[in-house]
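Take a look at the structure set out below.
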Amino acid sequence: MAFTPLKETYPGKVYTVEIGKGEKAVTFAGENVLPFHTFEGASPNRPVIAYEIQDMPPDEWPDTVRKPYSGISSDPVSWARFCQDSLGAKVIALRLVSTHPDRLDRSPDEAAKTVSDVLAAIDIPLIILGSNHAEKDASVLVAAAGAAKDSNCIIGKAQEANYKTIAAAAMANNHKLIAMSELDINLSKQLNILITQMGFEKDRLIIDPMCSALGYGLEYTYSVMERIRLAALAQNDATMQQPILGDIGMYVWKVKEAQAVETSVSGWGALEERGISWEAVTAASMLIAGAELLIMWHPEAVQKVESLIDELY
Amino acid sequence: MLIIGEKLSIIAKRVREAMMKRDKAPIQEIAVSQWKSGAGMIDANIGPAEDNGESLMEWMVKTIQEAVPLPVCLDTTNYRAIEAGLKIHNDEWGRPLINSTSNDPERFPMLELASKHSVQIIGLTVGKGGLPADAEERAGIAAEIMARAMEYGMPLEDLFLDPLVLQISTSQDHALKVIKAVKMFQELNDPPMKTVVGLSNVSNGCPKPLRPILNNYYLTLLMYDGLTAVIADPHDVAATVKTVDVILGRTLYAHSYLEM
Numbered sequence: 023m024a025f026t027p028l029k030e031t032y033p034g035k036v037y038t039v040e041i042g043k044g045e046k047a048v049t050f051a052g053e054n055v056l057p058f059h060t061f062e063g064a065s066p067n068r069p070v071i072a073y074e075i076q077d078m079p080p081d082e083w084p085d086t087v088r089k090p091y092s093g094i095s096s097d098p099v100s101w102a103r104f105c106q107d108s109l110g111a112k113v114i115a116l117r118l119v120s121t122h123p124d125r126l127d128r129s130p131d132e133a134a135k136t137v138s139d140v141l142a143a144i145d146i147p148l149i150i151l152g153s154n155h156a157e158k159d160a161s162v163l164v165a166a167a168g169a170a171k172d173s174n175c176i177i178g179k180a181q182e183a184n185y186k187t188i189a190a191a192a193m194a195n196n197h198k199l200i201a202m203s204e205l206d207i208n209l210s211k212q213l214n215i216l217i218t219q220m221g222f223e224k225d226r227l228i229i230d231p232m233c234s235a236l237g238y239g240l241e242y243t244y245s246v247m248e249r250i251r252l253a254a255l256a257q258n259d260a261t262m263q264q265p266i267l268g269d270i271g272m273y274v275w276k277v278k279e280a281q282a283v284e285t286s287v288s289g290w291g292a293l294e295e296r297g298i299s300w301e302a303v304t305a306a307s308m309l310i311a312g313a314e315l316l317i318m319w320h321p322e323a324v325q326k327v328e329s330l331i332d333e334l335y
Numbered sequence: 003m004l005i006i007g008e009k010l011s012i013i014a015k016r017v018r019e020a021m022m023k024r025d026k027a028p029i030q031e032i033a034v035s036q037w038k039s040g041a042g043m044i045d046a047n048i049g050p051a052e053d054n055g056e057s058l059m060e061w062m063v064k065t066i067q068e069a070v071p072l073p074v075c076l077d078t079t080n081y082r083a084i085e086a087g088l089k090i091h092n093d094e095w096g097r098p099l100i101n102s103t104s105n106d107p108e109r110f111p112m113l114e115l116a117s118k119h120s121v122q123i124i125g126l127t128v129g130k131g132g133l134p135a136d137a138e139e140r141a142g143i144a145a146e147i148m149a150r151a152m153e154y155g156m157p158l159e160d161l162f163l164d165p166l167v168l169q170i171s172t173s174q175d176h177a178l179k180v181i182k183a184v185k186m187f188q189e190l191n192d193p194p195m196k197t198v199v200g201l202s203n204v205s206n207g208c209p210k211p212l213r214p215i216l217n218n219y220y221l222t223l224l225m226y227d228g229l230t231a232v233i234a235d236p237h238d239v240a241a242t243v244k245t246v247d248v249i250l251g252r253t254l255y256a257h258s259y260l261e262m
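Chains G and F are the protein sequences, given in the same order.
So the first sequence is numbered by the numbering used here: it starts at 23 and just counts up by one.
So the second sequence is numbered by the numbering used here: it starts at 3 and just counts up by one.
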């Protein structure tokens, strides 16, 4: 008798999310199986990787990851174009770091102008991120969401402290929204409930359970993501059926392994290769844990993860 | 845990009058209120319905499903009324449930009907004679109903075994026997058999203030031993169901879990 592999099926399904407009719109998630278990059910869309750009020169980035963007990263518009036209980015994530009070403390209006300029320069979908300063983000992201009205962007990140204003702005301007909590599945569920109780549609949310880098708590993120997916699929929990975001770059490129030069850490291998691998391995782990959307920094790391997806998907 | 809302019963005066007058508003209001309180299915109890049972059940199913996106539990001893209800039932939100068959030959046709229409059915573990004496007798009857279901070619997943909850005020010893039966039923098959109870019967005949207390504590014990579904007033039991589901790890905890 022929061998029939047992198929694991689930009552739940992850919401499908579409971002952007027209031909370049991107769709992700929508599966009713665990990551890459395409042989067990429906997994209609492959995971998507967004290239991160910033609204000020990335002076704090290590050399390895500044190098691919040298000459164009002083201006978010040329940076965005480069990602789209030269690197073949499918999505861009614009982080408005300059608005942080400890950086340049730029105003919401300035941020809105940057958003408009970048949107005018690209035709692929845009993710608009604040500086992760809960109070400032509330005003910056409201202005940014307005500037991008009807462009079907993702706005983020709404947290417990500021979700009301940011969710209202995302709703009023027809965007998707990232709901971020800090490595706590119960708080993640709670935040999703609170946001949807405001009238925000649950299929327009994206969960950011907070990322971390390989060697720096990755297993916590992995476990939270995995449990979110199991709650969505096995328990059919509609408050956990949103796609998951892995915001990789910002966590990976600040760790020692991605920065320490060869002369100071003998035996760790070539710095450039090490940094790129660190980002790729972290990203791959998040995909296997359940993330459907990644934000990454280094083009070569992105390529490595895309090839992995080619093989697994 | 599935809550089957019991409030649309001909025993209630308001419901009976609405049924007789074919007045949709009260029926739909009660259906919506049960749905919002956490019911996953609505029981439509039209009684024996010897006259016009078919048109009444049709009207009930249509009226309920116009108002709530839920399947209906068709509750009557009138075989033809059940079939009429099945024919009109919208399966978009789940398959209907027949309430019920038993080991009484008069109720066998219900099982045949469930098999013919590929719907779910409650198997009440009583026979033609008196009430079952204990859990073992209930399990014996359950096995007979299961065997009959298999003869009719019905998947056992579509059968919900009901051990018959009795009044605690008159049959106190049966409270534990029913819990034991729920455990035994599950062992009759792999995957375990589904189980259901008509909960509020436990407190039937008790003073009104005691009834929700008895219902909810009893339900907690039944859920702990694996009960699949409960026919009850969702307003009465929703908090218990949600809380026990959280404690048993079936639902992920969040501060607002009671609001979901």
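For glycine and all other residues, C-beta sits at the position ideal for the given N, C-alpha and C.
Determine the direct distance from the alpha carbon of G/K43 to that of G/C175, and round the result to whole angstroms.
9 Å
DSSP state of F/D77, grouped into three classes?
strand
Is the beta carbon of G/A72 sitting closer than 8 Å to the one on G/A115?
yes
Compare the C-beta of G/K224 against all C-beta atoms of chain F and say whether one is closer than 8 Å.
no
My output table needs one value for F/A1: the three-state DSSP class, helix, strand or coil.
Absent from the model: residue 1 of chain F. The displayed extent of chain F is 3 to 262, so no value can be given.
Option in G/W275, G/G312, G/A323 with minimal Cα separation from G/P80:
G/W275
Decide if F/Q122 is buried, meaning its Cβ has at least 16 other Cβ atoms within 10 Å, or exposed.
buried
Return the residue from the list G/Y273, G/D225, G/L213 that minimises the CA-CA distance to G/A235.
G/Y273
Check the Cβ of F/M263 against every Cβ in chain G and list those closer than 7 Å, keeping chain order.
Absent from the structure is residue 263 of chain F, since the part of chain F shown begins at 3 and ends at 262.
Any Cβ of chain F within less than 8 Å of the Cβ of G/P102?
For clarity, residue 102 of chain G is Ala in the given sequence; the question names Pro instead. No, because no Cβ of chain F sits closer than 8 Å to the Cβ of G/A102.
Continuous alpha helix (DSSP H) stretch holding F/N218: start and end:
213 to 226
Near-chain G residues of the stretch 86 to 116 of chain F - C-beta to any C-beta below 8 Å:
none
Do you know offhand how far G/M78's Cα is from G/V164's?
20 Å
Please report the distance separating the alpha-carbon of G/C105 from that of F/G96.
47 Å
Would you mind telling me which residues of chain F sit closer than 8 Å to G/K186, beta carbon to beta carbon, in chain order?
Those within 8 Å of G/K186 in chain F number zero; the least Cβ separation is about 15 Å.
With 8 Å as the threshold, decide whether the Cβ of F/A240 is near any Cβ in chain G.
no
Does the Cβ-Cβ distance between F/G125 and F/A149 come in under 8 Å?
no
So, does the stretch 140 to 159 of chain G touch the stretch 86 to 106 of chain G, judging by three or more C-beta pairs under 8 Å?
yes
Beta carbon proximity, G/I339 to chain F, threshold 8 Å
Not covered by the structure: residue 339 of chain G. The range shown for chain G is 23 to 335.
Between F/Y81 and F/L115, is the Cβ-Cβ spacing less than 8 Å?
yes
Between which two residues does the beta strand (DSSP E) holding G/S307 run?
First-last for G/S307: 293 to 311, but that is the alpha helix (DSSP H), not the beta strand (DSSP E).
Can you give, in chain order, each stretch of the beta strand (DSSP E) that sits fully within the stretch 158 to 186 of chain F and has at least 3 residues?
161 to 164
Three or more C-beta pairs closer than 8 Å, one from the stretch 239 to 251 of chain F and one from the stretch 192 to 208 of chain G: is that the case here?
no
Under 8 Å between the Cβ atoms of F/A33 and F/I66?
yes
Within the stretch 77 to 149 of chain F, note down every full beta strand (DSSP E) run reaching 3 residues or more, in order along the chain.
99 to 104, 122 to 126
So with Cβ pairs under 8 Å, would you call G/A253 a contact of chain F?
yes
Does F/W61 pass the burial test, meaning 16 or more other C-beta atoms within 10 Å, or should it be called exposed?
buried
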